[in-house]
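**Q**
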Amino acid sequence: MASLLGLSFLLLLLAAAATTTSPGRLVPYDLLYADGVRAYFARDWARAAELLQRAIHSYARLRAARRSCRDACRRDAAFLGGPPESGPWEAALFGRVLQRADCLQHCLEHRLGSAPSTHRASHIIRRDFERREPYNYLQVAFFQLKKLDQAVSAAHTFFVANPQHLQMREDIEKYRRMSGVKSDKFQDLEAMPHWEAYEAGVQHYNADEYLQAVARLEESLQEALSALEECRALCEGPWEDEDSEEEMQPGLYEAIAAHYIQVLKCRQQCTLEIATKPGRISATEDFIPSHLDLLQFAYDQVGNQALAAECAASYLLFYPTDEAMLEKVKEYHTELGEDSAATARESIQHYVQRSLMEKKLIYYAVEHLGGTFNDPDLWTPEELIPDNLKEKHREDQEKQKQETLDVEERDKRGPLPFEGIDITMDSQRMNGSQRVVFDRVLTESECKDLLRLTEAAGEAGAGSRARRSPHTPHERFEGLTLARAMQLAQNGDVAWRDARLLLQASEKARRIIQAYFTPGRKLHFSFTHLVCRSAAHEEQEGRLDLSHPVHADNCLLDPEGQECWKEPPAYVYRDYSGILYLNDDFQGGGLFFTEMDTVTVTAEVQPKCGRLVAFSSGKENPHGVWAVRRGRRCAVALWYTHSQQHAEQERVKAEELMEQRAVHHDQPEGEESPGADHRSRSSSEPPVANSGARMSWRHKPGSGRTQQPKELQARDEL
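Counting with the numbering used here, you get residues 1 to 718 for the letters of the sequence shown.
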């Protein structure tokens, strides 16, 4: 028996070796990467470039070797046939497992030139390579070596996967301005073929160029399925213990089951990996089924009903009750004749059957052994899910749908509490959560009146006197609180109508933000501040800092620890923040959001009159302000809280003062005396309802709410 097993192993090794050629010893990529980074910080640019390139090459060869050996051993040490009629079942089961393990071990040793265990890198190193971090170092090394073409390619490769990286964005712009750099050098050295083909196919499809669309979409589908297989093969790596400090280690069968389920879950997540474009956060929904849907229509348009029927039948494997597609299959059946039954593609049948088998095993393990599973597919049949997990699955599906609601779905929830306001950007378009941009909150004339309020306050003295900004020596800073605005109005230094407009405009913003984020739950003002930042003309040259550094509004941001501490001096009670812009006649000064690292920009907002940007105040929304390089940027900064205990007392006093003055003048609050404002509204301003009044507080019929995104938390220190 032992001699037969040894002979079997020998034959397997020869078969595996016959499919590969030994390229010599491959140096582990993590060692090369570490040495390359050391050389980089030692400013040994030539050695850094050499080692980093070798690390990238080693990483690619390791992945290729794992894929090749798994393919070879899957074929040559296959788990085929049933167990023998007699003999121990363990020998039948584990004998084949041992053969596969031995085949992989020796195949990889032959391909790599060393034991596979020497190529097991840490999670941090693997993450760096997944994020293309070596190219970040490499582009600097090439630049220092005056190898611009290679520097540009390395920079572009990193930037594609990290499009919001601040430093790389600046570097890319510098490269584009260099006279010696050609545009064709901006190439992605790690380009994924299926994405290029998919986007080209969709462009042809949208342009009604169906012949070209068919060719590129077919190419994309094949490349995507190939990338999926490579991803799945790489899932069969070493066991990664998520709780290494656990005292009780699993037994033989529990350990085998846990590792196997980990591999199956990884394979399932490959669907999302291939569907997520480099540099993006979210995957393209139904990536594989969408290919078939597009191909079905494109083939139908070019007159190839046979292939259109094949694609339709393939699509129905994912969604067998889709009425529109079932109707198309009937039409194709009628057109092609009774004898021509549409059958799904074998590759898609295999894809669906294998995926369903894996899901069934995973759900069994979750039900009986514990754990969780985030199913990546929307098409998973409900009957496959155990009864006691269906409710959780439905909750997960609903949560996913809630997080990916688009503008059209949100509009169905009802209008905002004021007419004429546009939702320009939402959380999805801003690559984050609890973020939104409204336009047309103020009119041009209202913006001018509030700007005049800042100028009058400045002329009046200390209330809004320009001083050096607390955040940068390159700007001057002016701030006007509600209490100071009321005091100046009482002294006759500013117009009462302009001071009242500050109250009205900020209240309008509060009601909009409350209706959008927390309908049915009152938001109180925490602080209101009319702020202007002006560029110091003599101090702009060579400026590299920000007008306001990146921060969160209700916690102390710790980029290195990836945490935000809700403790003093942070304003921990603040829940939502808003900025109501008054002008755009300046350079710079845009708002931007980042990841917790404070350098990866996720969204930007350009100021303009009447634009209101609102967001939750917590760690989910770190933000800063680009440098104001010329001119004067003015906005009303607003913070809100659910805690009535922390409500802004200055506002209460200001509103009481306004009411007393209205009673004293026997004039209802909000009305203007005849002839009090002879300035006309800007002719370029779009008309809005109730435009005859300074500010309309009337609700649209039925305006209860607009949307309720997922709840999160909230600091800023202007």
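Where is the CB? At the ideal position from N, CA and C, for every residue including glycine.
Three or more beta-carbon pairs under 8 Å between the stretch 61 to 73 and the stretch 96 to 105, yes or no?
**A** Taking 8 Å as the limit for Cβ pairs, the verdict is that the stretch 96 to 105 does touch the stretch 61 to 73.
**Q** Using the rule of at least 16 other Cβ atoms within 10 Å of the residue's Cβ for burial, across every protein chain shown, is K522 buried or exposed?
**A** Here residue 522 corresponds to residue number 522 of the sequence shown, with the count starting at 1. With fewer than 16 other Cβ atoms within 10 Å, it is exposed.
**Q** Specify, as a first and last residue, the run of the alpha helix (DSSP H) that P134 falls within.
**A** For the purposes of this step, residue 134 is taken as the residue at position 134 of the sequence shown. Taken as a continuous stretch (DSSP letters only), the alpha helix (DSSP H) holding P134 covers 133 to 144.
**Q** If you draw a straight line from the alpha carbon of D585 to that of S290, how long is it in whole angstroms?
**A** The residue given as residue 585 occupies position 585 in the sequence shown. The residue given as residue 290 occupies position 290 in the sequence shown. Roughly 45 Å between the two C-alpha positions.
**Q** Taking buried to mean at least 16 other C-beta atoms within 10 Å of its own C-beta, is E618 buried or exposed?
**A** Looking up residue 618 in the sequence shown gives position 618. Note that residue 618 is Gly in the sequence shown here, rather than Glu. Label assigned to G618: buried.
**Q** What span of residues does the alpha helix (DSSP H) with W496 cover, start to end?
**A** The sequence position of residue 496 within the sequence shown is 496, counting from 1. Taken as a continuous stretch (DSSP letters only), the alpha helix (DSSP H) holding W496 covers 496 to 517.
**Q** By the three-class DSSP mapping on this structure, what secondary structure does D575 have?
**A** Sequence index remark: in the sequence shown, residue 575 carries index 575 (1-based). Coil.
**Q** Along the alpha helix (DSSP H) that carries H156, what are the first and last residues, could you check?
**A** The residue labelled residue 156 in the question sits at position 156 within the sequence shown. From DSSP, the alpha helix (DSSP H) with H156 extends over 148 to 161.
**Q** I'd like the span of the beta strand (DSSP E) that includes G624, first residue to last.
**A** To locate residue 624, count along the sequence shown from 1; it is residue 624. 623 to 625 is the extent of the beta strand (DSSP E) around G624.
**Q** By Cβ distance below 7 Å, which residues in the same chain neighbour Y210 in space, the five residues on each side in sequence not counted?
**A** Numbered from 1 along the sequence shown, position 210 holds the residue referred to as residue 210. Closer than 7 Å at the Cβ level, and outside the excluded window around Y210, lie A298, Q301, V302.
**Q** If we ignore side chains and look at the alpha-carbon of each, how far apart do A570 and V550 end up?
**A** As a first step, residue 570 is located in the sequence shown; it is residue number 570 there, counting from the start. As a first step, residue 550 is located in the sequence shown; it is residue number 550 there, counting from the start. The alpha-carbon atoms of A570 and V550 are separated by roughly 14 Å.
**Q** I'd like to confirm the pairing. Which residues does DSSP put opposite M425 in its beta bridges?
**A** Walking along the sequence shown from the start, residue 425 turns up at place 425. M425 is bridged to V437.
**Q** Sorted by chain position, which residues of the same chain lie with C-beta nearer than 7 Å to R452's C-beta, five sequence neighbours on each side aside?
**A** As a first step, residue 452 must be located in the sequence shown, where it is residue number 452. For R452, where only same-chain residues beyond five positions count, the Cβ hits under 7 Å are D498.
**Q** Can you look up S117 in the DSSP assignment and give me helix, strand or coil?
**A** The sequence position of residue 117 within the sequence shown is 117, counting from 1. The answer is helix: DSSP assigns S117 an H, G or I state.
**Q** Tell me whether the beta-carbon of T598 lies closer than 7 Å to the beta-carbon of P622.
**A** Locating residue 598 in the sequence shown gives position 598, counting from the first residue. Locating residue 622 in the sequence shown gives position 622, counting from the first residue. Yes; because the gap between Cβ atoms is below 7 Å, this pair is in contact.
**Q** Under a Cβ-count criterion, where at least 16 other Cβ atoms within 10 Å of its own Cβ denotes burial, should R510 be classed as buried or exposed?
**A** On the sequence shown, residue 510 is found 510 positions in, with the first residue counted as 1. R510 should be labelled buried.
**Q** From what residue to what residue does the beta strand (DSSP E) around H524 run?
**A** The sequence position of residue 524 within the sequence shown is 524, counting from 1. 524 to 535 is the extent of the beta strand (DSSP E) around H524.
**Q** Excluding sequence positions up to five away, which residues of its chain have a Cβ less than 6 Å from the Cβ of G588?
**A** If you number the sequence shown from 1, residue 588 lands on position 588. W626, A627, V628, R629.
**Q** Does the contact criterion of 3 or more C-beta pairs under 8 Å hold for the stretch 308 to 324 versus the stretch 273 to 292?
**A** A contact exists between the stretch 308 to 324 and the stretch 273 to 292.
**Q** Assuming T157 and D128 form a contact by the criterion Cβ under 8 Å, report the distance between their Cβ atoms to the nearest whole angstrom.
**A** For the purposes of this step, residue 157 is identified with residue 157 of the sequence shown, where counting begins at 1. For the purposes of this step, residue 128 is identified with residue 128 of the sequence shown, where counting begins at 1. Not quite, the Cβ-Cβ distance comes to about 14 Å (not below 8 Å), so this is no contact.
**Q** Short of 6 Å in beta carbon distance, which residues of its chain neighbour N136, apart from the five on each side in sequence? Order them along the chain.
**A** On the sequence shown, position 136 is the one that residue 136 refers to. Counting only Cβ-Cβ distances below 6 Å, and skipping sequence neighbours, we find F158.
**Q** Could you check where the beta strand (DSSP E) with R632 kicks off and where it finishes?
**A** Reading the sequence shown from its first residue, position 632 is the one you call residue 632. Per DSSP, R632 belongs to the beta strand (DSSP E) from 632 to 641.
**Q** Give me the Cα-Cα distance between T602 and V436, rounded to the nearest whole angstrom.
**A** The sequence position of residue 602 within the sequence shown is 602, counting from 1. The sequence position of residue 436 within the sequence shown is 436, counting from 1. C-alpha separation (whole angstroms): 13 Å.
**Q** Rounded to whole angstroms, how far is the Cβ of L112 from the Cβ of L26, which I believe are closer than 8 Å?
**A** The residue labelled residue 112 in the question sits at position 112 within the sequence shown. The residue labelled residue 26 in the question sits at position 26 within the sequence shown. The Cβ separation is near 5 Å, so the contact holds.
**Q** What is the rounded straight-line gap between the Cα of R70 and the Cα of H110?
**A** Against the sequence shown, residue 70 aligns to sequence position 70. Against the sequence shown, residue 110 aligns to sequence position 110. Spanning the two alpha carbons is a distance of roughly 13 Å.
**Q** Report buried or exposed for S220, applying the criterion of at least 16 other Cβ atoms within 10 angstroms of its Cβ.
**A** Looking up residue 220 in the sequence shown gives position 220. The residue is buried, with at least 16 neighbouring Cβ atoms inside 10 Å.
**Q** Under 7 Å between the Cβ atoms of C235 and V263?
**A** Within the sequence shown, the letter at position 235 stands for residue 235. Within the sequence shown, the letter at position 263 stands for residue 263. For C235 and V263, yes; Cβs fall inside 7 Å.
**Q** Tell me which residues share the same chain as P701 and place their Cβ nearer than 8 Å to its Cβ, disregarding the 5 neighbours each side in the sequence.
**A** The residue you call residue 701 lines up with position 701 of the sequence shown. Note on P701: pLDDT 32, under 50, position unreliable in the model; no value is reported.
**Q** For Y581, which beta-bridge partners are listed by DSSP?
**A** The sequence position of residue 581 within the sequence shown is 581, counting from 1. DSSP output for Y581 lists A635 as bridge partner(s).
**Q** In chain order, what residues of the same chain have a beta carbon less than 6 Å from the beta carbon of P559, not counting five sequence neighbours either side?
**A** For the purposes of this step, residue 559 is taken as residue 559 along the sequence shown, with counting starting at 1. The residues are D597, T598.
**Q** Excluding the five sequence neighbours on either side, which residues of its own chain have a C-beta within less than 8 Å of the C-beta of M178, listed in chain order?
**A** As a first step, residue 178 is located in the sequence shown; it is residue number 178 there, counting from the start. Around M178: L148.
**Q** Output the distance between the C-alpha atoms of S122 and C270, rounded to the nearest integer angstrom.
**A** Along the sequence shown, read from residue 1 onward, the residue named residue 122 stands at position 122. Along the sequence shown, read from residue 1 onward, the residue named residue 270 stands at position 270. Straight-line Cα distance between these residues: approximately 21 Å.
**Q** Taking CB distances under 7 Å as the criterion, tell me whether S643 reaches chain D.
**A** In the displayed structure, chain D is absent; only one protein chain is listed.
**Q** Tell me whether H368 sits in a helix, a strand or coil according to DSSP, three-state version.
**A** In the sequence shown, residue 368 corresponds to position 368, counting from 1. Helix, per DSSP.
**Q** Using the Cβ count rule (16 or more neighbours within 10 Å means buried), how would you classify V636?
**A** Here residue 636 refers to the residue found at position 636 when the sequence shown is read from its first residue. With 16 or more Cβ atoms within 10 Å of its Cβ, V636 is classed as buried.
**Q** Going by alpha carbons, who is nearest to S577 out of R543, W639, E567, T518?
**A** Numbered from 1 along the sequence shown, position 577 holds the residue referred to as residue 577. Per the Cα distances, W639.
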